[in-house]
Amino acid sequence: MYKKVKQYALSHGFTVEEKEGLIYGTMNGFFFSIHQDPTTLAKHTVHLWVKENNMTAVPAIADFLNQCTGKHKYLQSASYSGTRVTAEFQGLGFKWQKLYTPCLDAFLQEFTAYCQSNNLVSCCESCGAESGLSLYQVETVEHMLCPSCYANASDSFQRRAEEISRKGSGNIIGGIVGALLGSVLGVIVWVLIYQLGYISGIAGLVMVICALKGYEILGGHLSKTGIIISCVISIVMLLIAEQVCVGLEIYDVYKDYAEITFFDAFKSVPEFLEEPELKAAVIYDIVIGYLLMAVGAWGTVRQALKNSSGKTKTRLVTQVTNTGSAGRY
31 MYKKVKQYAL SHGFTVEEKE GLIYGTMNGF FFSIHQDPTT LAKHTVHLWV KENNMTAVPA
91 IADFLNQCTG KHKYLQSASY SGTRVTAEFQ GLGFKWQKLY TPCLDAFLQE FTAYCQSNNL
151 VSCCESCGAE SGLSLYQVET VEHMLCPSCY ANASDSFQRR AEEISRKGSG NIIGGIVGAL
211 LGSVLGVIVW VLIYQLGYIS GIAGLVMVIC ALKGYEILGG HLSKTGIIIS CVISIVMLLI
271 AEQVCVGLEI YDVYKDYAEI TFFDAFKSVP EFLEEPELKA AVIYDIVIGY LLMAVGAWGT
331 VRQALKNSSG KTKTRLVTQV TNTGSAGRY
């Protein structure tokens, strides 16, 4: 969990579940949750569950959220479904470390004050009930539900698990083709960044994500077998990407002195690697590339493994008392 967001939550008396990447509490009488993205340090989703109560909110909730999006720098998007507010935050650019948490707090302050002044009430996101509410976490998404709606949701989760189980490993041949096609995009990103003189974890991450998605699209289901195959393909494709980069360097050096095509240069890479200095440089690039790939893609692969199991992790986080009372926190 991002340290500054955790410190902010603890200093204001909110509950922090660090293992689950979850913060929740009450501000201006309205319950909210903050969930940290498992793959990105400064990326959080804020949820509130509210509806109108005997008066029309001015401005309309969706319009107010649009105003907030333009006002708060790191608020990437904000939407309202009729009972559920979803706000996506991400720290980008320079100086976000200093300004990110104040931006998160400013949005919560402003929106809950708006809810209070318009007499909005907290509610079940499914049926709109105002009592007997509890916060549940389904995988990594929070839901505010009453007991009957949770029972119905549990049945839906069970049917989804049974459907995934029936799919098994899916079409493995199609999945392999999809993973290969998807990983090509990662190769392109790797080569482009390499031409700028850098080795970046984002290229490895793109390679893994695209391979996983490609397997899922053409394979029909991303099983554990599919995840392993996609990761192996990504590892191999990183080697190919590095060979392409070395081949481009060879081509750039010799194109003005000899009749040589890029494919000639690409095929000659193994011969050039007999030079100890070049071989050491290439091995260094590959090792760093694999380390960055592992760091960048770990969260994505872990989440994919959870989703592939067919077992939906559902838990009661906390019961939620009636909200709408005065007070800052």
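Numbering-wise, the sequence shown is residues 31 to 359 according to this note's numbering. For every residue, glycine included, the Cβ atom is placed at its ideal position computed from N, Cα and C.
Beta-carbon gap between Val-80 and Ser-178 smaller than 9 Å
Result no, Cβ atoms of Val-80 and Ser-178 do not sit closer than 9 Å.
Can you round the beta-carbon distance between Val-238 and Ser-260 to whole angstroms, since I take them to be within the 8 Å contact cut?
The pair is a contact, with the Cβ atoms about 7 Å apart (cut-off 8 Å).
Classification of Tyr-130 by the beta-carbon crowding that lies within 10 angstroms, buried from 16 upward:
Residue burial is scored here from C-beta neighbours: Tyr-130 has at least 16 other C-beta atoms within 10 angstroms and is therefore classed as buried.
Delimiting residues of the beta strand (DSSP E) encompassing Thr-116
In the DSSP assignment, Thr-116 falls within the beta strand (DSSP E) that extends over 114-120.
On the DSSP letters alone, give me the boundaries of the alpha helix (DSSP H) that Phe-137 sits inside.
If you look at Phe-137, you'll find it in the alpha helix (DSSP H) that goes 126-147.
Taking 9 Å as the threshold (C-beta atoms), are Ser-161 and Gly-216 in contact?
Result no, Cβ atoms of Gly-216 and Ser-161 do not sit closer than 9 Å.
Exposure label - Leu-269; buried when at least 16 CB within 10 Å:
Label assigned to Leu-269: exposed.
Count the other CB atoms, across all protein chains shown, that sit within 10 Å of the CB of Ser-355; report buried if there are 16 or more and exposed otherwise.
Reliability fails at Ser-355, whose pLDDT of 40 lies under 50, so the model's placement of it is uncertain and no value is given.
Buried or exposed for Phe-124, please, with buried defined as at least 16 other CB atoms from any protein chain shown within 10 angstroms of its CB.
The residue is exposed, with fewer than 16 neighbouring Cβ atoms inside 10 Å.
Buried or exposed: which applies to Leu-226, given that a residue is buried once 16 or more other Cβ atoms fall within 10 Å of its Cβ?
Counting every other CB atom within 10 Å of its CB across the protein chains shown gives Leu-226 a total below 16, marking it as exposed.
So Tyr-228 is in the beta strand (DSSP E); what residue range does that whole segment cover?
No beta strand (DSSP E) holds Tyr-228; DSSP gives it neither H nor E.
Please report how far the alpha carbon of Asn-84 lies from the alpha carbon of Leu-150, in whole angstroms.
Our two residues, Asn-84 and Leu-150, have alpha carbons roughly 9 Å apart in a direct line.
Can you check the stretch 267-338 for any alpha helix (DSSP H) of at least 4 residues that lies completely inside it and give the ranges in chain order?
Every unbroken stretch of the alpha helix (DSSP H) spanning 4 or more residues and falling wholly within the stretch 267-338 is given here in chain order: 292-297, 299-302, 306-338.
Given a threshold of 16 other Cβ atoms within 10 Å of its Cβ, counted over all protein chains shown, does Cys-157 qualify as buried or as exposed?
With fewer than 16 neighbouring CB atoms inside 10 Å of its own CB, Cys-157 falls in the exposed class.
Sub-9 Å separation of Leu-165 and Leu-40 beta-carbons:
Their beta carbons are not under 9 Å apart, which means Leu-165 does not touch Leu-40 by this criterion.
For Tyr-224, count neighbouring C-beta atoms within 10 Å of its own C-beta (all shown protein chains included) and say buried if the count is 16 or more, exposed if not.
Taking all protein chains shown into account, Tyr-224 has 16 or more neighbouring C-beta atoms within 10 Å of its C-beta and is therefore buried.
Pair within 9 Å by beta-carbon distance, Glu-246 and Gly-208
Taking 9 Å as the Cβ cut-off, Glu-246 and Gly-208 qualify as a contacting pair.
Among the candidates Glu-289, Val-221, Leu-71, whose CA atom is the shortest distance from the CA of Gln-120?
It is Leu-71.
Once you ignore the five residues that flank Phe-44 on each side, which residues in its own chain have a CB closer than 6 Å to its CB?
The residues are Ile-53, Gly-55.
Cutoff 7 Å; reference Cys-240; Cβ partners in own chain excluding five residues on either side:
These residues qualify, in order along the chain: Gly-212, Ser-213, Leu-215, Gly-216.
Given that a residue counts as buried once 16 or more other Cβ atoms are within 10 Å of its Cβ, and exposed if not, what is Ala-311?
The residue is exposed, with fewer than 16 neighbouring Cβ atoms inside 10 Å.
Quick check on Ala-181: buried or exposed, where buried means 16 or more other Cβ atoms within 10 Å of its Cβ?
By the neighbour-count rule (16 or more Cβ atoms within 10 Å), Ala-181 is not buried but exposed.
Need the endpoints of the beta strand (DSSP E) that Ala-39 sits in, please.
Boundaries for Ala-39: no beta strand (DSSP E) harbours it, while the alpha helix (DSSP H) harbouring it runs 33-41, taken from the DSSP string.
Whole angstroms are fine: how far does the CA of Ala-334 sit from the CA of Phe-293?
Roughly 36 Å separates the two Cα atoms.
What residues are listed by DSSP as bridge partners for Glu-172?
The partner list for Glu-172 (beta bridge, DSSP) reads Gln-167.
Am I right that Thr-330 and Leu-235 are in contact with their C-beta atoms under 8 Å? What's the rounded C-beta distance?
The beta-carbon separation of Thr-330 and Leu-235, rounded to 7 Å, stays under the 8 Å limit for a contact.
Need the endpoints of the alpha helix (DSSP H) that Gly-100 sits in, please.
First-last of the alpha helix (DSSP H) with Gly-100: 91-101.
Measuring only the C-alpha atoms, how far is Tyr-38 from Phe-60?
When only Cα atoms are considered, Tyr-38 and Phe-60 end up about 18 Å apart.
DSSP on Tyr-245, reduced to helix/strand/coil?
Here Tyr-245 sits in helix by DSSP.
By the three-class DSSP mapping on this structure, what secondary structure does Ser-152 have?
Here Ser-152 sits in strand by DSSP.
Just to confirm the assignment, what range does the beta strand (DSSP E) spanning Glu-82 have?
Taken as a continuous stretch (DSSP letters only), Glu-82 belongs to no beta strand (DSSP E), as it is neither H nor E.
Under the assumption that Val-35 contacts Leu-134 (Cβ atoms under 8 Å), give the Cβ distance between them as a whole number of angstroms.
Contact flag correct, Cβ pair sits at about 7 Å.
Inter-residue spacing [alpha-carbon to alpha-carbon] between Tyr-228 and Trp-328
Their Cα atoms are separated by approximately 21 Å.
Taking the C-alpha atoms as reference points, what is the distance between Lys-33 and Gly-51?
Taking the straight line joining both Cα atoms gives about 11 Å.
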